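Have a look at the structure below, then the notes.
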Amino acid sequence: MPGSRRGLVAPQNTFLESIIRKCSGAHNAFILSNAQIVDYPIVYSNDGFTKLSGCLRTDLMNKSSTCNFMYGELTNAETQTKIRDALENCHIEQVEVLLYKKNKTPIWVFMQIAPITNERDTVVLYLCTFTDITALKQPIETDETKTGFSKFARIAKSVTRNRSILMNFAAPNTKSISIDPTKPSQLPNLLNLSAEVLPSYRQEAPSTPPHIILHYCTFKTVWDWVILLLTFYTSLLVPYHAAFKSKSLDDVPLLVIDSIVDVIFFIDIILNFHTTYVHTKSGEVISDPKRIRKTYLKSWFVIDLLACLPYDVFNAFQEAEERYGSIFSALKVLRLLRLGRVFRKLDNYLEYGAAVLLLLICVFVLVAHWFACVWYTIGFQEGRGGPGKRMEYSWLVKMDRELQFACIDSYGNLTAYESNGTCRKAAYVTALYYTMSSLTSIGFGNVAANSDNEKIFTCVMMLIGSLLYATIFGNVTTIFTQMYSATARYHDMLSSIREFMRLHGMPNQLNERIMDYVVSTWAMTKGIDATKVLNYCPKDMRADICVHMNRSVFNEHPAFRLASDGCLRALAVHFHINHSAPGDMLYHCGESLDMLCFIVSGSLEVIQDDEVLAILSPNDVFGDDFWSKNRDSVGQSAANVRALTYCNIHQIRRERLLEVLDFYHPFSISFARNMVLTYNLRHRVYYFKKT
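Per our numbering, numbering through the sequence shown is continuous, rising by one, with the last residue being 1111.
So this is what it looks like as structure tokens:
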């Protein structure tokens, strides 16, 4: 059944994220352009290309990807033809070309062009990368340099320029994208490969490496159940063998079974190094092998390693000291600590009344079993040694005498309890009966504590038992209410949605989209209604919370840098956060542009007449520039905006923003000057499609 622990696994279009991740060097620049429109307009440019060209992203949007706006008098005509042919014939090309920045500074770049296909193997985008190689070229001589500078001045200028370029190669410039500038770029290597290995522009389910196991697959679920059963097996038998010394080197079948259990737990450790997990904050399924290993090493690895060590090997080399071997073997009870991790993986199947109550009863019986083993050990130690050396009123001696078990030999020793299975069985059943009656505070009195050690242990057991009994049985309703209230609301919501979709006959594709949106939204919010929480707080505190929740918008966009604290607080309370799943339409063509949208995470595409005109990424802004013009009329969207991945978008309504701008007039001037829309949905783009 779907649940938050399964993670966000809906098909996503992660093309942009893949390109950004592969472009890991600080000096890499790339653009994406539409391959289906004449002149191949740019739909995305990264920060590296904006710095290389000297233009803003808004200036580059919809310009030709041939970069003809950067051509100059010294740009080679043959190279221009190669670039145009590569774009028209959809093939990979690599050229060295002389371009000019916005300030007319000439630069040599190594340009690489690669076609990007969609799920129908149609070329829909071009990926163009640029590497500044000016430092590797001869100084570029223009008319100005020939006439206006001496030879020494030209040499000095060339050295200064080359030094600055080399510094740009080394200096990180990754403000908006969290990448490691020390890593070499993988993008040139990517483009040197065949076209088949280039990323595709399509929606795909999250892929995992071939040696990684999905944590929610059938095999892993069955395996976790096996581990759960073996954990209970170990928790029951290891204390029993340690107390009753019923296990010896002659018990070959038992030794074989325990060895198999040790091997299974060791295999489980290996599998844990190759199993995905769900990130607790983002709900993302982590399949990166390095992150999986690092997380497991920091969490459960040490405990799992101690649990699977072959402690029975100590028994094999210390036959005369089996007592100490049993102590080593008893350390396998550490496997019980794995129960919490196993239950967390299986919480989707064990969340409701009967199953949880059964689990709590098993825990209660397990504690009673442990206490029974300790109770027998106390009675055996105090009753051993024969007449005159033992305590005659030990519960074990008294039980044997009163019930005439005949488990004491002719010398008055209790050795029969170690060798006679019938005596062991009678002693264990009696010990379990006593611990169960004590833990439940019933205590019939037919088995009682007589010695000081027995009385002390009984007091401790009754104290623990009263707390355990009250916790498990006395507050079952409270436990369910407190621990599973959010889960109950989650499943009630899912049940209502399923019933609604069944009642109205929703198509399967729409059903999947709705369910994925609900599950992903719950993973992000954990079922917490932010509006309800904010209503609990006073006005001042509510504003502080809103400023903190929208800090990513205020810190990343220059338009808010000159805003006073009061202005930011007034803006923050009007922002609301929208979570979108892959494929969700944020705007349809013709809808009113009544909000200004800031992308915090994820990527979106702008589509006009079935053509991609722009790809938007974190820190981009889209909507309508109603604050500078068209204040009196609400614009209509000229394009569709669709989410490619899971997106978090901070939005503020048109009316609320204008109210704040009218009240804080100095800020409105700064806002109008510095706020630049990455894409204005009000403007329709006119283009000619390729035939």
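Note that beta-carbon positions come from the ideal geometry of N, C-alpha and C, so glycine has one too.
Since this is a predicted model, take the numbers as computed values, not measurements.
Beta-bridge partners of residue 1108 (DSSP): none assigned. Where residue 513 is concerned, the enclosing beta strand (DSSP E) starts and stops at 513 to 520. One alpha carbon belongs to residue 1017, the other to residue 1045, and they sit about 11 angstroms apart.
Taking 8 angstroms as the upper bound for CB-CB distance, residue 878 and residue 857 are not in contact here, some 11 angstroms apart. In this structure, DSSP gives residue 629 a state outside helix and strand, which the three-state scheme calls coil.
Contact between residue 979 and residue 1091 holds: CB atoms are separated by about 5 angstroms, below the 8 angstroms threshold.
Nearest Cα to residue 522 within the set 547, 1015, 485 and 470: 470.
Between residue 871 and residue 650, the alpha-carbon positions lie close to 37 angstroms from each other. DSSP lists 1109 as the bridge partner or partners of residue 457. Residues of the same chain with a CB within less than 7 angstroms of the CB of residue 693, apart from the 5 flanking positions on each side, are 712, 713 and 716 in chain order. The region 1049 to 1060 and the region 1081 to 1088 do not touch, with fewer than 3 CB-CB distances between them shorter than 8 angstroms. Straight across, the Cα-Cα distance linking residue 448 with residue 1040 is about 20 angstroms. In this structure, residue 529 sits near residue 552, with a CB-CB distance shorter than 8 angstroms.
With a cutoff of 8 angstroms on beta-carbon distance, residue 506 and residue 462 are scored as not near each other.
Of 785, 1089, 783 and 643, the smallest CA-CA separation from residue 689 is found for 643.
For residue 535, the three-state secondary structure derived from DSSP is strand.
Going by DSSP, residue 1071 is part of the beta strand (DSSP E) stretching over 1067 to 1073. By the beta-carbon neighbour count (other beta carbons within 10 angstroms, threshold 16), residue 443 is buried. Counting the other CB atoms within 10 Å of its CB gives residue 881 a total of 16 or more, which places it among the buried residues. About 5 angstroms separates the CB atoms of residue 995 and residue 1072; that is less than 8 angstroms, so the two are in contact. Per the C-alpha coordinates, the member of 884, 939 and 921 positioned closest to residue 907 is 939.
Between residue 454 and residue 545, the C-beta gap is smaller than 8 angstroms, which places the two residues in contact.
Between residue 1101 and residue 1043, the CB-CB gap stays under 8 angstroms. With 16 or more other CB atoms across the displayed protein chains lying within 10 angstroms of its CB, residue 936 is buried. In this model, residue 1089 and residue 464 are separated by some 29 angstroms (Cα to Cα). Contact between the region 657 to 664 and the region 788 to 801 is present, with at least three C-beta pairs closer than 8 angstroms. For residue 951, the enclosing alpha helix (DSSP H) covers residues 950 to 956. Straight-line spacing of the CA atoms in residue 1006 and residue 504 works out to 35 angstroms. Annotated three-state conformation of residue 918 is helix, per DSSP. C-alpha of residue 435 to C-alpha of residue 623: approximately 9 angstroms in a straight line. Closest in alpha carbon position to residue 1070, among 1038, 1051 and 791, is 1038.
If you draw a straight line from the Cα of residue 916 to the Cα of residue 703, it is about 23 angstroms long.
The residues 861, in chain order, have a CB closer than 7 angstroms to that of residue 886 in the same chain once the five nearest residues on each side in sequence are set aside. In terms of Cβ geometry, residue 1003 and residue 1062 form a close pair [threshold 8 angstroms].
Boundaries around residue 544 are those of the beta strand (DSSP E), 543 to 552, since no alpha helix (DSSP H) includes it.
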